[in-house]
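Visitor: Take 1 as the starting number for the sequence shown in UniProt numbering and just add one per residue. Sharing a structure, written as structure tokens. Questions coming.
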Amino acid sequence: MMNRWLKEVARGKRGARDLAYEEALQAAEAILEMKATPAQIGAFLIAQRVKEESVEELAAFVEACRKHAARAPLQQGIDCAAPYDGRRTSFMSGLAVAFVLAAAGLPATLHGADPLPPKWGVTLPDVLAAAGIPRASLAKSRCIAAARETGVLVVHAEDWCPPLKSLRPIREELGMRTVLNTAEKFADYGCSAYLTFGVFHSTMFDRIGRLTSRLGYRKGMVVQGSEGSDDLYIHRPTRICRIENGETCLQMIDPETYGLDTPLPERSWTAAEQAAATEQALQNAGHIAFIHQVLLNGAVRLHLAERADSIEEGIYACKALLESGRPWALYRRWMELVKNQPSAV
């Protein structure tokens, strides 16, 4: 069966055609269920990258990922879809932002995995491990219990969607971005109403915007952020695409407009440095650029999720929350819960 789809997508730039949704879904199922051989899977993923995936093909791979994932309406808040290949040169503000959002009454879902190509950067599980949360503490039962009390759901994707773990060796050998890099970020483990989604190139705005609309989110925001993440820059404007009611709108968000424009220190980040900066920001301490980054990203998400009437109002709300200590207290409680809850699912 896989040979049939390979013949369609691997004819080169001029001869290849996009698969219809049902065709792509069959191919995605064959890949996620490992019914195709590793050689066929690798060939298909490379051919798709050369051809470029259509919205129909992306939607099919998302559907296949969701079918094999553990999903429950735990959060129904905002899903923050950052790249699974991690970060190297920028602060990962999303972890701190999630606890600010939760303190504001907006449940937040974060998800990731161990480092992947093409970037092989510091990932969410790396940062948590450096903060004292080992891999075993991210068992589903612990994270679900912590989410119910704190409003922050953290997902190790390979536990919640086992085919991603099975496919890791092939992805590591290929060493490049594939359709899976996009599909895995749309698994939507907490059944969220709102979405932020990071992309590296603005050429992806149209496809990801149409896909977001098709998947039924109430509102979404595609961000050309730091290292392809959904983190808005704090030292320069960020291009975004907002999605609502099937319509897309391109915008620029400039931190200077809100008095937050701040130079960033040049550095290569370790997991320990990411964890330390996260905890400092949650205590309203540390480098002012990272505090400002948490404020701006938190504010934009509160506005997207209809918890603030404007970005300015969101900034004031996030600033007041950081000063109150509530996000830091939520973070510490989350840490206690995932460490101490029984790990059986």
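Even glycine gets a Cβ: it sits at the ideal position worked out from N, Cα and C.
What residue does the beta strand (DSSP E) around glycine 77 start on, and which one ends it?
Guide: Within the sequence shown, the letter at position 77 stands for residue 77. Per DSSP, glycine 77 belongs to no beta strand (DSSP E) and is neither H nor E.
Visitor: Reducing DSSP to helix, strand and coil, say where tyrosine 316 ends up.
Guide: For the purposes of this step, residue 316 is taken as residue 316 along the sequence shown, with counting starting at 1. Helix at tyrosine 316.
Visitor: With DSSP as the reference, identify every bridge partner of arginine 242, one or two as the case may be.
Guide: Locating residue 242 in the sequence shown gives position 242, counting from the first residue. Answer is Met221 and Cys249, bridged to arginine 242.
Visitor: Please list, in chain order, all residues of the same chain as methionine 2 whose beta carbon is under 6 angstroms from its beta carbon, the five residues on each side excluded.
Guide: Translated into positions along the sequence shown, residue 2 becomes position 2. These residues qualify, in order along the chain: Ala30, Ala36 and Gln40.
Visitor: Looking at C-alpha atoms only, which residue of Ala24, Leu138, Val100 and Gly105 is the closest neighbour of aspartate 114?
Guide: Within the sequence shown, the letter at position 114 stands for residue 114. Considering only alpha carbons, the answer is Leu138.
Visitor: Is it buried or exposed, glycine 246, if we count other Cβ atoms within 10 angstroms and call 16 or more buried?
Guide: Indexing the sequence shown from 1 puts residue 246 at position 246. It counts as exposed.
Visitor: Could you check the C-alpha separation between valine 345 and valine 152 for me, to the nearest Å?
Guide: Position 345 of the sequence shown, counted from the start, is the residue given in the question as residue 345. Position 152 of the sequence shown, counted from the start, is the residue given in the question as residue 152. Model confidence at valine 345 stands at a pLDDT of 44, short of 50, so the residue's coordinates are unreliable; what they give is reported in the following sentence. Straight-line Cα distance between these residues: approximately 18 angstroms.
Visitor: Just to confirm before moving on: does the CB-CB distance between methionine 335 and isoleucine 133 stay below 8 angstroms?
Guide: Reading the sequence shown from its first residue, position 335 is the one you call residue 335. Reading the sequence shown from its first residue, position 133 is the one you call residue 133. For methionine 335 and isoleucine 133, yes; Cβs fall inside 8 angstroms.
Visitor: Taking the alpha carbon of arginine 236 as the reference point, which residue from Gly259, Cys249, Leu215 and Arg214 has its own alpha carbon closest?
Guide: Taking the sequence shown and counting its residues from 1, one reaches residue 236 at position 236. Cα-wise, what sits closest to arginine 236 is Gly259.
Visitor: Taking the alpha carbon of isoleucine 311 as the reference point, which residue from Gly298, Ala320, Leu322 and Leu321 has its own alpha carbon closest?
Guide: Here residue 311 refers to the residue found at position 311 of the sequence shown. Considering only alpha carbons, the answer is Gly298.
Visitor: Alpha carbon to alpha carbon, how far is glycine 286 from threonine 182? Give it in angstroms, no decimals.
Guide: Taking the sequence shown and counting its residues from 1, the one referred to as residue 182 is at position 182. Taking the sequence shown and counting its residues from 1, the one referred to as residue 286 is at position 286. Between threonine 182 and glycine 286, the C-alpha separation is close to 33 angstroms.
Visitor: State the Cα-Cα distance for the pair valine 127 and alanine 24, rounded to the nearest angstrom.
Guide: For this step, residue 127 is matched to residue 127 along the sequence shown. For this step, residue 24 is matched to residue 24 along the sequence shown. Approximately 35 angstroms, taken between the alpha carbons.
Visitor: Just checking my contact of alanine 281 with valine 294 at CB under 8 angstroms: how many whole Å lie between their CB atoms?
Guide: Numbered from its first residue, the sequence shown carries residue 281 at position 281. Numbered from its first residue, the sequence shown carries residue 294 at position 294. At roughly 5 angstroms, the Cβ-Cβ gap stays under 8 angstroms, so alanine 281 and valine 294 are in contact.
Visitor: Would you mind stating whether valine 179 and phenylalanine 205 have Cβ atoms separated by less than 8 angstroms?
Guide: What you label residue 179 is simply residue 179 of the sequence shown in a count that begins at 1. What you label residue 205 is simply residue 205 of the sequence shown in a count that begins at 1. In this structure, phenylalanine 205 does not lie closer than 8 angstroms to valine 179 by Cβ.
Visitor: Identify which residue in Gly228, Arg326 and Ile288 has its Cα closest to the Cα of glycine 198.
Guide: In the sequence shown, residue 198 corresponds to position 198, counting from 1. Out of Gly228, Arg326 and Ile288, the CA that lies nearest to the CA of glycine 198 is found in Gly228.
Visitor: Compute the Euclidean distance between the alpha carbons of glutamate 66 and aspartate 309, then round it to the nearest angstrom.
Guide: Counting from one through the sequence shown, the residue named residue 66 turns up at place 66. Counting from one through the sequence shown, the residue named residue 309 turns up at place 309. Residue identity check: residue 66 is arginine in the sequence provided, not glutamate. A direct Cα-Cα distance of roughly 32 angstroms separates arginine 66 from aspartate 309.
Visitor: By Cβ distance below 6 angstroms, which residues in the same chain neighbour histidine 68 in space, the five residues on each side in sequence not counted?
Guide: The sequence position of residue 68 within the sequence shown is 68, counting from 1. Once the five neighbours on either side are set aside, the close Cβ partners of histidine 68 are Leu32, Cys161 and Pro163.
Visitor: With DSSP collapsed to three states, give me the class of valine 345.
Guide: By one-based count along the sequence shown, residue 345 stands at place 345. Bear in mind that the predicted position of valine 345 carries a pLDDT of just 44, short of 50, making it too unreliable to give a figure here.
Visitor: With three or more beta-carbon pairs closer than 8 angstroms as the criterion, would you say the region 77-90 touches the region 43-61?
Guide: no
Visitor: Which class does alanine 108 belong to by DSSP, given the choice of helix, strand or coil?
Guide: Numbered from 1 along the sequence shown, position 108 holds the residue referred to as residue 108. If DSSP states are grouped into helix, strand and coil, alanine 108 belongs with the strands.
Visitor: From Glu22, Gly121, Glu149 and Phe91, pick the residue whose C-alpha is nearest to that of leucine 337; which is it?
Guide: As a working note, residue 337 is residue 337 in the sequence shown. Of the candidates Glu22, Gly121, Glu149 and Phe91, the one whose C-alpha sits nearest the C-alpha of leucine 337 is Glu149.
Visitor: Taking the straight line between their C-alpha atoms, what separation do you get for aspartate 18 and glutamate 57?
Guide: By one-based count along the sequence shown, residue 18 stands at place 18. By one-based count along the sequence shown, residue 57 stands at place 57. Cα-Cα distance, rounded: 7 angstroms.
Visitor: If the criterion is Cβ atoms closer than 8 angstroms, does the pair glycine 190 and threonine 123 meet it?
Guide: Within the sequence shown, numbered from 1, the residue matching residue 190 stands at position 190. Within the sequence shown, numbered from 1, the residue matching residue 123 stands at position 123. Contact flag unset, no.
Visitor: Assuming alanine 28 and alanine 130 form a contact by the criterion Cβ under 8 angstroms, report the distance between their Cβ atoms to the nearest whole angstrom.
Guide: Position 28 of the sequence shown, counting from 1, holds the residue named residue 28. Position 130 of the sequence shown, counting from 1, holds the residue named residue 130. Alanine 28 to alanine 130, Cβ: 34 angstroms. No contact.
Visitor: Is the CB-CB distance between alanine 59 and histidine 111 below 8 angstroms?
Guide: As a position in the sequence shown, residue 59 is number 59, starting the count at 1. As a position in the sequence shown, residue 111 is number 111, starting the count at 1. Not in contact: alanine 59 and histidine 111 (Cβ atoms no closer than 8 angstroms).
Visitor: Does the distance from the C-beta atom of leucine 167 to that of phenylalanine 186 stay below 8 angstroms?
Guide: On the sequence shown, position 167 is the one that residue 167 refers to. On the sequence shown, position 186 is the one that residue 186 refers to. Result no, Cβ atoms of leucine 167 and phenylalanine 186 do not sit closer than 8 angstroms.
Visitor: Could you say which of Arg242, Leu95, Thr238 and Asp261 lies nearest to methionine 252 if we only look at CA atoms?
Guide: For the purposes of this step, residue 252 is identified with residue 252 of the sequence shown, where counting begins at 1. Of all alpha-carbon atoms in Arg242, Leu95, Thr238 and Asp261, the one lying nearest the alpha-carbon of methionine 252 is that of Thr238.
Visitor: Quick one: give me the first and last residue of the beta strand (DSSP E) that glycine 298 is part of.
Guide: Stepping through the sequence shown from its first residue, residue 298 is reached at position 298. No beta strand (DSSP E) contains glycine 298, which is instead part of the alpha helix (DSSP H) from 288-304.
Visitor: To the nearest angstrom, how far is it from the Cα of glutamate 53 to the Cα of tryptophan 120?
Guide: On the sequence shown, position 53 is the one that residue 53 refers to. On the sequence shown, position 120 is the one that residue 120 refers to. Roughly 23 angstroms between the two C-alpha positions.
Visitor: Identify which residue in Val62, Ala16, Arg301 and Tyr21 has its Cα closest to the Cα of alanine 193.
Guide: Stepping through the sequence shown from its first residue, residue 193 is reached at position 193. The candidate whose alpha carbon is nearest that of alanine 193 is Arg301.
Visitor: Under the rule that 16 or more other beta-carbon atoms within 10 Å means buried, what is cysteine 249, buried or exposed?
Guide: The residue given as residue 249 occupies position 249 in the sequence shown. Flag for cysteine 249 reads exposed.
Visitor: May I ask which residues mark the beginning and end of the alpha helix (DSSP H) holding valine 122?
Guide: Within the sequence shown, the letter at position 122 stands for residue 122. No alpha helix (DSSP H) contains valine 122, which DSSP labels as neither H nor E.
Visitor: Is the separation between the beta-carbon of leucine 101 and that of threonine 278 shorter than 8 angstroms?
Guide: Within the sequence shown, numbered from 1, the residue matching residue 101 stands at position 101. Within the sequence shown, numbered from 1, the residue matching residue 278 stands at position 278. For leucine 101 and threonine 278, no; Cβs fall outside 8 angstroms.
Visitor: Mapping DSSP to helix, strand and coil, what is arginine 87?
Guide: Counting from 1 along the sequence shown, the entry for residue 87 is found at position 87. Secondary structure of arginine 87 (DSSP, three-state): strand.
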